[in-house]
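Below: the structure, in structure tokens.
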Amino acid sequence: MNHKKDFLKELENYNYGENLYTKFRDFCQSATYALALPFYPELAAQKLKEFNFGEDKKKLKAFDNCFEILTDALETSHTDFLGEFFGENNLTNDRAGQFFTPYNVSLMSAKMTLHDIDRELQEKPLITIGEPACGSGGMIIACREVFLEKKLNPSTQMYVELTDIDELCFYMAYIQISLYGIAAKVIHGDTLRMTQYKNLFTPVYFLNNFQFRLMFLDLKEVLTEVKTEEPPEVTIPEIKIYSEEEQLVLF
């Protein structure tokens, strides 16, 4: 099965009047809020209503098929499916210097960065990872693959915060990181300016109680720092006791 070819075919066939970029963007946006619906019911329901799927059954069917193809591709192997599709179909913004790292390069970087992660996780329950320019999440997908190779559980032992300035990248990353079962906060924002436009937590963040896991991790680190700190040096001032004769002289 050629997942990318089938995915492209579904997008191309449902509406000949729209360009591929618009259809791909609409798919990613609708898939994002469909995944978020159980955890952000009001926001997701409002966003999904804007797509008017009730009036466009052909579009809904095409998106359903695209989602099925995507999930099958991700289950088949670790891959940055959406990022690769985006680049291979020339949908990137070259003027903005948008470039998606090939997955094999991401995997090599992840293996170098996480080479001793199994030892590190013997000392604490989970690690946190920040990705300031995440694209479609390829680097984090590679980190997940390294975890599994080392017989670690990326759904309970890893928490990620991903940011990208491009809104479509925000959607692509959210979809793939969610489907791969990674607890994460995905942010549409500008890392350099430290601004956020919107963010969503992935389903596993809620399902595996990462709010409490992170609180526990912070508390453990604080207690460890307190325990390892050297006690402050206390100097006891010398107290001189005067005789009665000396006290009379003083006053």
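Quick note: the sequence shown uses this note's numbering, first residue 846, plus one each step.
From the three backbone atoms N, C-alpha and C, an ideal C-beta is built for every residue, glycine too.
In this structure M1003 touches C988 by the C-beta definition: roughly 7 Å separates them, less than 8 Å. Taking C-alpha positions only, Y1025 is separated from Y866 by approximately 24 Å. Around M1017, the same chain offers C873, L927, S981 as residues with beta carbons nearer than 6 Å, after the five sequence neighbours per side are excluded.
Under the Cβ criterion (8 Å, minimum of three pairs), the region 899 to 912 does not count as touching the region 954 to 962. The region 907 to 915 and the region 1045 to 1064 do not touch, with fewer than 3 CB-CB distances between them shorter than 8 Å. Straight-line spacing of the CA atoms in F945 and S954 works out to 14 Å. Take the alpha-carbon of L1059 and the one of K969: they are about 11 Å apart.
Judged by their CB atoms, L971 and T1001 are nearer to each other than the 8 Å cut-off.
The closest CA to that of L853, considering only P886, E913, I1032, is found on E913.
Taking C-beta atoms under 8 Å as the contact rule, D925 and H848 fail to qualify, at a distance of about 12 Å.
Residue environment for Q1021: buried (at least 16 other C-beta atoms within 10 angstroms of its C-beta). Excluding residues up to 5 positions away in sequence, F945 lie with their Cβ nearer than 7 Å to the Cβ of G932 in the same chain. Bridge pairing for H1033: D1009, K1043 [DSSP].
The three-state secondary structure of G932, taken from DSSP, is helix.
T1008 is positioned such that its CB atom lies no closer than 8 Å to that of G983. Residue burial is scored here from C-beta neighbours: S922 has fewer than 16 other C-beta atoms within 10 angstroms and is therefore classed as exposed. Taking the C-beta atoms as reference points, T1040 is found no nearer than 8 Å to A978. L856 and F1061 have their alpha carbons spaced roughly 45 Å apart.
Secondary structure at A1028: strand, using DSSP grouped into helix, strand and coil.
Going by DSSP, E863 is part of no alpha helix (DSSP H) at all; its letter is neither H nor E. Residue pairing by DSSP places G975 opposite E1006 in a beta bridge. A Cβ-Cβ contact shorter than 8 Å links E990 with L952. Residue burial annotation: K850 is exposed, with fewer than 16 other C-beta atoms found within 10 angstroms of its C-beta. Of the other Cβ atoms in all chains shown, fewer than 16 fall within 10 Å of the Cβ of L1052; this residue is therefore exposed.
Relative to the Cα of E994, the nearest Cα in the group L880, E1006, A1029, K956 belongs to K956.
Beta-carbon to beta-carbon, I985 and V1005 are separated by about 5 Å, close enough to satisfy the 8 Å threshold.
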